[in-house]
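> Below: one structure in structure tokens.
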Amino acid sequence: MNHAPNAVARLRDQRIDEGIKPIQARGWRAPRCSACRVIESHCLCAWRPSVETRSGVCLIMTNKEVFKPSNTGWLIADVVRDNHAFIWSRTEVDEQLLALLNDPQWQPYLVFPGEYVEPSRVTHSVDLDQSKRPLFILLDATWTEARKIFRKSPYFDRLPILSLLPDRLSRYRLRRSTRSEHLCTAEVAALCLELAGDSDAASALDAYFDVFSQHYLGAKGQQEVNVSTPAHAELQPFIRTSNAVLAQ
Ligand SMILES: [Zn+2]
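And the structure:
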């Protein structure tokens, strides 16, 4: 199946062209699918959903994150058609990022925990008139890196901060029976999409993230792919092409 590479895939390919090598994790000798990064036997390509979204996303990433096979920003960029990704640097800013932030069709929101920001900048909802579309800027990095990016990027200073309320986060955790205290970037993005009324994309991303986790862990544990899971069934309606067929 041929999908256009998403913005994260393009960043990765650029880095490889520049001679930057991915870190080779131990125990991962099997070849990976270059389109979805998963070990070929567990390729995810047939499960890439296709949904309409009003929202756009912009991922701010570190060099390391672009190459991590477990990075979930990649999944967001697979689901949201208007996806952008940039490598963060303390000393330089990409002109294309500035142009995107100034593009009048978008209302950018920087997604960040409100308790670290002056209250006047913080919002908990996405309310826009029809002339603008929400653009969610996600810091796709470790928490330590994300705080540094937040503090040292003056071009983000004028943006409203979208902070997800704790009760929303805990309801989300309950619904998905997520055990970990911190949501990964894909889960945060799904919540943002839901807030913006892009509920199909939110459901597709949640299911896609679960399917990815199962394929990823299955490959790691050298288990056969099992496509008869509830997550695959949830994802199925969002697949346009008939390549993904549930096991009989
Ligand atoms: Zn693949």
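In the UniProt record's numbering, the protein residues as written are 1 to 248.
Glycine is no exception: its CB is placed at the ideal position from the N, C-alpha and C atoms.
No experiment lies behind these values; they were computed from the predicted model shown.
I'd like to confirm something about C35: is its beta-carbon nearer than 7 Å to some heavy atom of ligand 1, or not?
Counting from one through the sequence shown, the residue named residue 35 turns up at place 35. Residue 35 is actually Ala in this sequence, not Cys. True, at least one ligand heavy atom lies under 7 Å from that Cβ.
> Compare the Cα-Cα distances from S41 to each of Y216, E234, F238 and S177 and report the closest residue.
Taking the sequence shown and counting its residues from 1, one reaches residue 41 at position 41. The shortest C-alpha separation from S41 is found at Y216.
> Among residues of its own chain, excluding the 5 on either side of V80, which ones have a beta-carbon nearer than 6 Å to its beta-carbon?
Numbered from 1 along the sequence shown, position 80 holds the residue referred to as residue 80. Counting only Cβ-Cβ distances below 6 Å, and skipping sequence neighbours, we find T53 and V57.
> Indicate, with yes or no, if ligand 1 has a heavy atom lying under 7 Å from the CB of L44.
Within the sequence shown, numbered from 1, the residue matching residue 44 stands at position 44. It does: the Cβ of L44 is within 7 Å (strictly closer) of some heavy atom of ligand 1.
> Could you compute how far the alpha carbon of A201 sits from the alpha carbon of E194?
Start at 1 with the first residue of the sequence shown, and residue 201 comes out as number 201. Start at 1 with the first residue of the sequence shown, and residue 194 comes out as number 194. Roughly 8 Å separates the two Cα atoms.
> What runs of the beta strand (DSSP E), each 3 residues or longer, lie entirely inside the stretch 94–151?
Runs found: 106–111 and 133–140.
> Of the choices E92, A146 and Q130, whose alpha-carbon is the least far from that of F112?
Sequence index remark: in the sequence shown, residue 112 carries index 112 (1-based). Of the listed residues, the one whose Cα sits closest to F112 is A146.
> Determine the DSSP secondary structure at G197, reduced to helix, strand or coil.
Here residue 197 refers to the residue found at position 197 of the sequence shown. Note: G197 maps to coil in three-state DSSP.
> Can you tell me whether DSSP reads L217 as helix, strand or coil?
As a working mapping, residue 217 is identified with position 217 in the sequence shown. Helix.
> Heavy atom of ligand 1 less than 7 Å from the Cβ of V38, yes or no?
By 1-based counting over the sequence shown, the position of residue 38 is 38. For ligand 1, at least one heavy atom lies less than 7 Å from the Cβ of V38.
> For a quick check, are the C-beta atoms of Y172 and L98 less than 8 Å apart?
Here the question's residue 172 lines up with position 172 in the sequence shown. Here the question's residue 98 lines up with position 98 in the sequence shown. It is not a contact, given that the beta carbons lie outside the stated cut-off.
> Need the endpoints of the beta strand (DSSP E) that H84 sits in, please.
Within the sequence shown, the letter at position 84 stands for residue 84. Looking at the DSSP string, the run of the beta strand (DSSP E) that includes H84 is N83 to I87.
> Which partner residues of L159 appear in the DSSP bridge assignment?
Here residue 159 refers to the residue found at position 159 of the sequence shown. Beta-bridge pairing links L159 to no other residue.
> DSSP three-state call for K33: helix, strand or coil?
Locating residue 33 in the sequence shown gives position 33, counting from the first residue. At residue 33 the sequence reads Cys, which differs from the Lys that was named. Three-state result, C33: coil.
> Pick from H232, N63, I39 and T229: whose alpha carbon is nearest that of G221?
Counting from 1 along the sequence shown, the entry for residue 221 is found at position 221. Closest option to G221, Cα to Cα, is I39.
> For L59, name the three-state secondary structure that DSSP assigns.
Indexing the sequence shown from 1 puts residue 59 at position 59. Reduced to three states, the DSSP call for L59 is strand.
> Going by DSSP, what residue range makes up the alpha helix (DSSP H) through P166?
Indexing the sequence shown from 1 puts residue 166 at position 166. Taken as a continuous stretch (DSSP letters only), the alpha helix (DSSP H) holding P166 covers P166 to R176.
> Go ahead and pull the three-state DSSP assignment for I39.
Residue numbering aside, residue 39 sits at position 39 when the sequence shown is read from its first letter. Correct three-state label for I39: strand.
> Please classify D157: is it buried, with 16 or more other beta-carbons within 10 angstroms of its beta-carbon, or exposed?
Translated into positions along the sequence shown, residue 157 becomes position 157. Per the 10 Å Cβ criterion, exposed.
> For T123, which of L100, Q105, L162 and S89 has the nearest alpha-carbon?
Along the sequence shown, read from residue 1 onward, the residue named residue 123 stands at position 123. Minimum Cα distance to T123 is reached at L162.
> A4: buried (16+ other C-beta within 10 angstroms of its C-beta) or exposed?
Against the sequence shown, residue 4 aligns to sequence position 4. That one is exposed.
> Quick one: what does DSSP say T185 is sitting in, helix, strand or coil?
Translated into the one-based positions of the sequence shown, residue 185 becomes position 185. DSSP places T185 in helix when its eight states are reduced to three.
> L169: which of F150, C192, P22 and D103 sits nearest, CA to CA?
The residue given as residue 169 occupies position 169 in the sequence shown. Nearest C-alpha to L169: C192.
> Taking contact to mean 3 or more Cβ pairs, one atom from each stretch, closer than 8 Å, check whether the stretch 205–214 and the stretch 222–239 are in contact.
Cβ pair count under 8 Å is three or more, so yes.
> Identify, in the order they occur along the chain, each residue of the same chain with its Cβ nearer than 7 Å to the Cβ of residue 295, setting aside the five sequence neighbours on each side.
Missing from the structure shown is residue 295; the chain here goes from 1 to 248 and no further.
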